[in-house]
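Asks: Next up is a structure, given as structure tokens.
Number of protein chains: 2
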Amino acid sequence: MEEQHVEASRLLFIRRWGEMAASWGISRTMAEIHALLYLTAEPLCTDDVMEQLSVSRGSASTNLRELVNWGLIHRVHRRGDRKEYFEAEKDVWQMFETIVRERRRREVQPIVETIERCQSMIDDETSGLRGQARIDADAYRKRFTDILEFCETMNSLFNLMTKAGRGGLSPVAKALARLAG
Amino acid sequence: MEEQHVEASRLLFIRRWGEMAASWGISRTMAEIHALLYLTAEPLCTDDVMEQLSVSRGSASTNLRELVNWGLIHRVHRRGDRKEYFEAEKDVWQMFETIVRERRRREVQPIVETIERCQSMIDDETSGLRGQARIDADAYRKRFTDILEFCETMNSLFNLMTKAGRGGLSPVAKALARLAG
DNA sequence: CATAGATTTCAGATAGTTCTGAAGAAAGTA
DNA sequence: TACTTTCTTCAGAACTATCTGAAATCTATG
């Protein structure tokens, strides 16, 4: 086999992409399927995925559905063929935007909602407090506000990143450099 | 108890911060300890953490060490007291920088290294390939390059952000919001 | 250097997640 | 309708991550 290094690089990438999954809150198999489809030019069917990654039909089915839900892969129907095929989004920036949108929804949004609730809980009560209790409440209020601002900054950063990809990094970099003084 | 809402908001925040942990690749207890220390004005010792969060000594010890490794909390020594106390970084911007730095190291860096290896594996071999094998190798090269470019853009953006952050969170947050539209 | 208090470590227990394989549903075809 | 192929679902199995509790280690002090 002359292409053994090419094939090895393919396997290495799939493996590593899967190993990274844990720190992204994604299951290893789901990430491996995504990597496989990202590298493969033609759409693959469930049996291809099962065979290439050595996973069961149930797992392949579930993880493919989840990837479709995320919007990272699409179903492809071939006329005259009963099977369903799947194809990954190949535009990296589009992929990134999708991942960011999902992660923001899962990670940042719940915190924002909780903080807002925490703030209103404190506001309900602060005016009636005196002495140390009042001081404590004010300290919490400050911490909650800081976190909220932090989340908003994260959101802006995410927006900025997706923009940066489209127009190129340079305009964003300049704007930030100006800010940094 | 007049402060029951204040206390409730404290518990709610700690709980939610912990629940979020999974999608950040951080253990729940570690996140809860961080939330507890973030909200508490005075440094706490291991026993305080054990009592307030109902966790074992071993778990408290391990998770506190891990938080120190991340740089999210500091050890505080009190003269005349053998116990060690822990205090969270309260500057949210500093916290943001720390989290981003760690996540980049854990999530982005390994991918970059893998891609570089994949690329060199392909380069070793491409010139000798002809026909379909050559076309496949070129396609892989393109996919790897796309991912690498993406990682580099992320890195640049993080660098700029942390630079921009020196002047305090609020102006940066506002400027980012404006930039991001 | 012996002791008591504090911290760390780690083998085994527990809890949580993901996978498997087979049954059943759905959809196309004769 | 009966049959075939494909897809989905889900109970139980397998695996992984995290915690517990106690023993070992460390450290300050008389």
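Line order of the protein sequences matches chains X and Z.
Sequential numbering from 1 applies to the first sequence in our numbering.
Sequential numbering from 1001 applies to the second sequence in our numbering.
Quick reminder that beta carbons are idealized off the backbone N, C-alpha and C, glycines included.
State the DSSP-derived secondary structure class of VAL76/X, mapped to helix, strand or coil.
Replies: In the first sequence, the residue the question calls residue 76/X occupies position 76. VAL76/X: strand per DSSP, three-state reduction.
Asks: Does the beta-carbon distance from LEU39/X to ARG1117/Z come in below 8 Å?
Replies: For the purposes of this step, residue 39/X is identified with residue 39 of the first sequence, where counting begins at 1. For the purposes of this step, residue 1117/Z is identified with residue 117 of the second sequence, where counting begins at 1. No, the Cβ-Cβ distance between LEU39/X and ARG1117/Z is not below 8 Å.
Asks: Once DSSP output is grouped into helix, strand and coil, what is the label at GLU1084/Z?
Replies: On the second sequence, position 84 is the one that residue 1084/Z refers to. DSSP places GLU1084/Z in strand when its eight states are reduced to three.
Asks: Would you mind giving the Cβ-Cβ distance between LEU195/X and ILE26/X, rounded to the nearest angstrom? I have them listed as a contact below 8 Å.
Replies: There is simply no residue 195/X to check, as chain X begins at 1 and stops at 181 in what is shown.
Asks: Would you say VAL76/X faces chain Z, with C-beta separation under 8 Å as the test?
Replies: Residue numbering aside, residue 76/X sits at position 76 when the first sequence is read from its first letter. With 8 Å as the cut-off, VAL76/X does not count as an interface residue toward chain Z.
Asks: So who's on the other strand from CYS1045/Z, going by DSSP bridges?
Replies: Mapped onto the second sequence, residue 1045/Z falls at position 45. Paired residues: TYR1085/Z.
Asks: Chain X partners of ILE1014/Z, CB-CB under 8 Å?
Replies: The count along the second sequence starts at 1 and reaches residue 1014/Z at position 14. The premise fails here: ILE1014/Z is roughly 10 Å from chain X at the closest Cβ pair, so nothing lies under 8 Å.
Asks: Report the three-state DSSP secondary structure of ILE26/X (helix, strand or coil).
Replies: Numbered from its first residue, the first sequence carries residue 26/X at position 26. Coil, per DSSP.
Asks: Who are the near neighbours of MET1001/Z in its chain, counting only those whose CB is closer than 8 Å to its CB and skipping five residues on each side?
Replies: Taking the first residue of the second sequence as 1, we reach residue 1001/Z at position 1. Unreliable placement is indicated for MET1001/Z, whose pLDDT of 48 sits below 50; the coordinate value is still reported in the next sentence. Excluding sequence neighbours, MET1001/Z sits near GLU1007.
Asks: DSSP state of ARG1117/Z, grouped into three classes?
Replies: As a position in the second sequence, residue 1117/Z is number 117, starting the count at 1. Looking at ARG1117/Z - three-state DSSP - the assignment turns out to be helix.
Asks: Between the region 1085 to 1097 of chain Z and the region 144 to 151 of chain X, do at least 3 Cβ pairs fall closer than 8 Å?
Replies: The region 1085 to 1097 of chain Z is in contact with the region 144 to 151 of chain X.
Asks: What beta strand (DSSP E) runs, 3 residues minimum, are completely inside the region 107 to 151 of chain X?
Replies: Runs of the beta strand (DSSP E) inside the region 107 to 151 of chain X: none found.
Asks: For PRO1110/Z, would you say it is in contact with chain X, using Cβ-to-Cβ distances shorter than 8 Å as the test?
Replies: Counting from one through the second sequence, the residue named residue 1110/Z turns up at place 110. At least one chain X Cβ lies under 8 Å of PRO1110/Z.
Asks: Buried or exposed for SER9/X, going by 16 or more other Cβ atoms inside 10 Å?
Replies: For the purposes of this step, residue 9/X is taken as residue 9 along the first sequence, with counting starting at 1. That one is buried.
Asks: Considering just the uninterrupted stretch of the alpha helix (DSSP H) at THR40/X, what are its terminal residues?
Replies: Along the first sequence, read from residue 1 onward, the residue named residue 40/X stands at position 40. That residue, THR40/X, is in no alpha helix (DSSP H); it is neither H nor E in DSSP.
Asks: Checking contacts by CB at 8 Å: is SER23/X closer than that to chain Z?
Replies: Position 23 of the first sequence, counting from 1, holds the residue named residue 23/X. Yes, SER23/X counts as interfacial toward chain Z.
Asks: Can you list, in chain order, the residues of its chain with a C-beta nearer than 7 Å to that of LEU37/X? Leave out the 5 residues immediately preceding and following it.
Replies: Counting from one through the first sequence, the residue named residue 37/X turns up at place 37. Contacts found: LEU44, ILE73, PHE86, GLU87 and ALA88.
Asks: Would you verify that the beta carbon of PHE150/X is, or is not, closer than 8 Å to some beta carbon of chain Z?
Replies: If you number the first sequence from 1, residue 150/X lands on position 150. It does: the Cβ of PHE150/X has a partner Cβ on chain Z nearer than 8 Å.
Asks: Does the CB of PHE1086/Z have a neighbour CB from chain X at under 8 Å?
Replies: By one-based count along the second sequence, residue 1086/Z stands at place 86. No, PHE1086/Z lies away from the interface with chain X (no Cβ there is under 8 Å from its Cβ).
Asks: Verify the CB distance criterion: does LEU39/X have a CB-CB separation below 8 Å to chain Z?
Replies: Within the first sequence, numbered from 1, the residue matching residue 39/X stands at position 39. By this cut-off, LEU39/X is an interface position.
Asks: Can you have a look at GLU1152/Z and say buried or exposed, based on whether 16 or more other CB atoms are within 10 angstroms of its CB?
Replies: Within the second sequence, the letter at position 152 stands for residue 1152/Z. Exposed, because fewer than 16 other Cβ atoms sit within 10 Å of the Cβ of GLU1152/Z.
Asks: Out of GLU1019/Z, ASP1138/Z, ARG1103/Z and ALA1035/Z, which one is the CA nearest neighbour of GLN1119/Z?
Replies: Indexing the second sequence from 1 puts residue 1119/Z at position 119. For the residues GLU1019/Z, ASP1138/Z, ARG1103/Z and ALA1035/Z, the minimum Cα distance to GLN1119/Z belongs to ASP1138/Z.
Asks: Measure the C-alpha to C-alpha separation of ASP1048/Z and LYS142/X and round it to an integer number of angstroms.
Replies: The count along the second sequence starts at 1 and reaches residue 1048/Z at position 48. The count along the first sequence starts at 1 and reaches residue 142/X at position 142. Straight-line Cα distance between these residues: approximately 23 Å.
Asks: Do ARG1028/Z and SER23/X count as a contact pair if the criterion is CB distance below 8 Å?
Replies: Stepping through the first sequence from its first residue, residue 23/X is reached at position 23. Stepping through the second sequence from its first residue, residue 1028/Z is reached at position 28. Cβ atoms of SER23/X and ARG1028/Z: not closer than 8 Å.
Asks: Output the boundary residues of the alpha helix (DSSP H) element that contains GLU3/X.
Replies: Numbered from its first residue, the first sequence carries residue 3/X at position 3. Looking at the DSSP string, GLU3/X is not in any alpha helix (DSSP H), and its letter there is neither H nor E.
Asks: From which residue to which residue does the alpha helix (DSSP H) around VAL1055/Z run?
Replies: By one-based count along the second sequence, residue 1055/Z stands at place 55. Segment: none, VAL1055/Z is in no alpha helix (DSSP H) and carries neither H nor E.
Asks: Please report the residue range of the alpha helix (DSSP H) in which ARG1103/Z lies.
Replies: The residue given as residue 1103/Z occupies position 103 in the second sequence. Where ARG1103/Z is concerned, the enclosing alpha helix (DSSP H) stretches over 1092 to 1103.
Asks: By Cβ distance below 6 Å, which residues in the same chain neighbour ILE115/X in space, the five residues on each side in sequence not counted?
Replies: Residue numbering aside, residue 115/X sits at position 115 when the first sequence is read from its first letter. Here the set comprises PHE144, ILE147 and LEU148.
Asks: Would PHE150/X and PHE1150/Z be called neighbours here (beta carbons separated by less than 8 Å)?
Replies: By one-based count along the first sequence, residue 150/X stands at place 150. By one-based count along the second sequence, residue 1150/Z stands at place 150. No, these two residues do not count as a Cβ contact at 8 Å.
Asks: Taking 6 Å as the limit between beta carbons, can you name the residues of its chain near ASN63/X, skipping five residues before and five after?
Replies: Locating residue 63/X in the first sequence gives position 63, where the first residue counts as 1. Excluding residues within five positions, the ones whose Cβ falls inside 6 Å are THR29, MET30 and ILE33.
Asks: Where does ASN155/X land, buried or exposed, given buried means 16+ other C-beta within 10 angstroms?
Replies: Against the first sequence, residue 155/X aligns to sequence position 155. By the 10 Å Cβ count, ASN155/X comes out buried.
Asks: By the 10 Å Cβ neighbour count, where 16 or more other Cβ atoms means buried, how is ASP1124/Z classified, buried or exposed?
Replies: On the second sequence, residue 1124/Z is found 124 positions in, with the first residue counted as 1. Flag for ASP1124/Z reads exposed.
Asks: Going along chain Z, which residues have a C-beta under 7 Å from THR114/X?
Replies: Within the first sequence, numbered from 1, the residue matching residue 114/X stands at position 114. Neighbours of THR114/X on chain Z, chain order: LEU1012, PHE1013 and ARG1016.
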